[in-house]
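Asks:
Protein chains in written order, with the working numbering: chain Z, 286 to 597; chain H, 1451 to 1731.
#1: Mapping DSSP to helix, strand and coil, what is residue 1670/H?
#2: Following the continuous beta strand (DSSP E) through residue 428/Z, name the residue where it begins and the one where it ends.
#3: How would you list, in chain order, the residues of chain Z whose beta-carbon sits under 9 angstroms from the beta-carbon of residue 1557/H?
#4: Please classify residue 1540/H: is it buried, with 16 or more other beta-carbons within 10 angstroms of its beta-carbon, or exposed?
#5: For the segment 400 to 430 of chain Z, which residues have a CB atom closer than 9 angstroms to at least one CB atom of chain H, in sequence order?
#6: Which residue comes first and which comes last in the alpha helix (DSSP H) that contains residue 1690/H?
#7: Short of 6 angstroms in beta carbon distance, which residues of its chain neighbour residue 1457/H, apart from the five on each side in sequence? Order them along the chain.
#8: Using a Cβ-Cβ cut-off of 7 angstroms (strictly less than) and excluding sequence neighbours within five positions of residue 1576/H, which residues of its own chain qualify?
#9: Mapping the DSSP letters down to three states, classify residue 1570/H as helix, strand or coil.
#10: Determine the chain H residues that contact residue 471/Z at a beta-carbon separation under 8 angstroms, and present them in chain order.
#11: Check distances from the C-beta atoms of the segment 1620 to 1644 of chain H to those of chain Z and list, in chain order, the residues that come in under 9 angstroms.
#12: Along the chain, where does the alpha helix (DSSP H) that runs through residue 1561/H open and close?
#13: State yes or no: is the C-beta of residue 401/Z within less than 9 angstroms of the C-beta of residue 540/Z?
#14: How far does the beta strand (DSSP E) with residue 1483/H in it extend, from its first residue to its last?
#15: Taking C-beta pairs closer than 7 angstroms, name the residues in chain H that residue 397/Z reaches, listed in chain order.
#16: From the beta carbon of residue 501/Z, is the nearest beta carbon of chain H less than 9 angstroms away?
#17: Suppose contacts are defined by Cβ-Cβ distances below 9 angstroms. Is residue 526/Z in contact with residue 425/Z by that definition?
#18: Decide yes or no for the touch test of the segment 1552 to 1559 of chain H against the segment 481 to 492 of chain Z: beta carbon pairs closer than 8 angstroms, at least 3 of them.
#19: Would residue 322/Z pass as an interface residue toward chain H - the criterion being a Cβ-Cβ separation below 9 angstroms?
#20: Three-state secondary structure (DSSP) at residue 576/Z?
#21: Are the segment 534 to 552 of chain Z and the segment 456 to 463 of chain Z in contact at 8 angstroms, needing three or more beta carbon pairs?
#22: How long is the line joining the alpha carbons of residue 1733/H and residue 1573/H, rounded to whole angstroms?
#23: Check residue 1654/H in the structure and name its three-state DSSP category.
#24: Fully enclosed by the segment 1502 to 1529 of chain H, which alpha helix (DSSP H) runs are 4 residues long or longer?
#25: Name the residue from 513/Z, 470/Z and 516/Z whose alpha carbon lies nearest to the alpha carbon of residue 501/Z.
#26: Anything in the segment 1526 to 1550 of chain H with a Cβ closer than 7 angstroms to a Cβ of chain Z? List those residues in chain order, please.
#27: Between which two residues does the beta strand (DSSP E) carrying residue 1700/H extend?
#28: In the DSSP assignment, find the unbroken beta strand (DSSP E) run with residue 1642/H in it and report its ends.
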């Protein structure tokens, strides 16, 4: 009798050892780990590819000149490397987009989740999500051809052909579906019992929505906002087409502005020799953009944790 | 064993025997039917709800007790397709007539639910929610919060942590918080839909004691699956059951309504007697 088998009182022999090696079980686990590791590895690769040229850039250009300089002409014969005009262009256009998208997106979500009949919601939500699937270059030409030339230039005749306002407005429209759809998900996930509790105390629909549902869904709504704003900051085609390529440290939204993303797209599609300062500039701006969105995501994770409510 | 076969629950009654007839009715149901779309969930109910008494609804699952209770303060309005026929009179006014605002109805007829549903806000804000919605002055809120929590027998347990989340309390405390939240708007009638269904026996006993105290000032209607609870807390009991029609569809129906002692000790209907003595349900 082997040491690994035993006999019960009745006389039947049994073993508690694994009867087959179960290779499939191990193979599945390896496959799953590999898939999970792929995105992590890609992220590390991107960071590496981004920060090495950026680091070389900062050996030529002092980081303070880069961050606080107000002149941006890196590809000229007499280059200036102050990134502020690009940062301000990015923030101005993203700010306009937020002014459009945050209220409209949230109000849309409130309508869909609390006010719309089931039937209406089932029709409207997919239509809204289609808007999120339109290629951004289409939005860019819509901003340039329609919003600027048909709307803005007729209302304010001195609007430039390339301007921050039309790019920001259209970018706002672009991220409305993201914000509305994710906020609606968060609000729909609020248990019905909470709404009933509020109604039973004599609340109106508006009070239930604003005082109970929105606060209870706040962490999801904040997450939706941050995702929308991240998309706006990283958005390239709309600004490249509609806001122009002129670095411009200004708050005048009727003027053209260049953003960090549109600079990267424009410089990247030009012919900058690998290893040149112009080439490294692209990565320096990319690294800054990366750090900005990273900080925003960290902030949002904090907010989400702070306001998270766990429902059974 | 006792020789008295129909008093098989060995019921312990918690209330003095109620009069045979209801003297003062807060609410009155007249030929009430409740529908979900085409489905008739509750059929032809006629009964009064006596003022400052506790009325219990008992009966097997799926007999429409909760559905009927939710028609008392128009909570069924929130369910698409739900509809009430007949009259639900509150001090003589049909709450389903076209000029009645359901919000005004719910301010007077409050509700406590089966599952405790505190808002994800602080204990203080949970209680203050209703008064704030009613436009109560900020200066009065502290007093209302304290008074409501005292009446709900929760004050001693939470007075030092009013700013912690209501959801951090135990199940029984959460349910008393919901009762405090309900009485903070000073309703006339309190509807309780199986308020102890998710609570342990100790928490249940606390809620039952509380109900006895509240009955001095409020009219309470409670749905319960627990017959002993109905015997312990109620003045009057309504027994419901489900009729199965020719198509096999179940319709809730009121079988018998009367003083709790009578329903438990000498039911007139054989179905009530069968349910009370545990022969079906």
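Cβ coordinates follow ideal geometry from the N, Cα and C atoms, glycine included.
Replies: The answer reads as follows:
#1: Looking at residue 1670/H - three-state DSSP - the assignment turns out to be strand.
#2: Neither: residue 428/Z is in no beta strand (DSSP E) and is coded neither H nor E.
#3: 486 and 487, listed in chain order.
#4: Residue 1540/H comes out buried.
#5: Residues of the segment 400 to 430 of chain Z with a C-beta atom less than 9 angstroms from some C-beta of chain H are 402 and 403, listed in chain order.
#6: Counting along the chain, residue 1690/H sits inside no alpha helix (DSSP H); it lies in the beta strand (DSSP E) bounded by residues 1686 to 1694.
#7: Low local confidence applies: a pLDDT of 43 at residue 1457/H is under 50, so the model's placement there is unreliable, with the coordinate-based value given in what follows. 1715.
#8: Excluding the 5 residues flanking it on each side, residue 1576/H has same chain C-beta neighbours closer than 7 angstroms at 1568, 1569, 1616, 1627 and 1631, in chain order.
#9: Note: residue 1570/H maps to coil in three-state DSSP.
#10: Chain H residues near residue 471/Z: none, gap ~13 angstroms exceeds 8 angstroms.
#11: Using a CB distance below 9 angstroms, the part of the segment 1620 to 1644 of chain H facing chain Z consists of 1628, 1631, 1632, 1634, 1635, 1637 and 1641, ordered along the chain.
#12: Residue 1561/H -> not in any alpha helix (DSSP H); beta strand (DSSP E) instead, spanning 1559 to 1562.
#13: Cβ distance not < 9 angstroms, so residue 401/Z and residue 540/Z don't count as in contact.
#14: Boundaries of the beta strand (DSSP E) around residue 1483/H: 1475 to 1486.
#15: Correct list: empty, because the minimum Cβ distance to chain H is about 15 angstroms.
#16: Judged by the 9 angstroms Cβ criterion, residue 501/Z is in contact with chain H.
#17: For residue 526/Z and residue 425/Z, yes; Cβs fall inside 9 angstroms.
#18: The segment 1552 to 1559 of chain H is in contact with the segment 481 to 492 of chain Z.
#19: At a cut-off of 9 angstroms between C-beta atoms, residue 322/Z does not count as an interface residue with respect to chain H.
#20: Residue state, collapsed to three classes: helix.
#21: No, they do not touch.
#22: Chain H is shown from 1451 up to 1731; residue 1733/H falls before or after that span and cannot be answered.
#23: Looking at residue 1654/H - three-state DSSP - the assignment turns out to be helix.
#24: Complete alpha helix (DSSP H) runs here, min 4: 1515 to 1520.
#25: Closest by alpha carbon: 470/Z.
#26: Cβ contacts with chain Z come from 1528 and 1530.
#27: Note, residue 1700/H: beta strand (DSSP E), 1700 to 1709.
#28: Looking at the DSSP string, the run of the beta strand (DSSP E) that includes residue 1642/H is 1639 to 1643.
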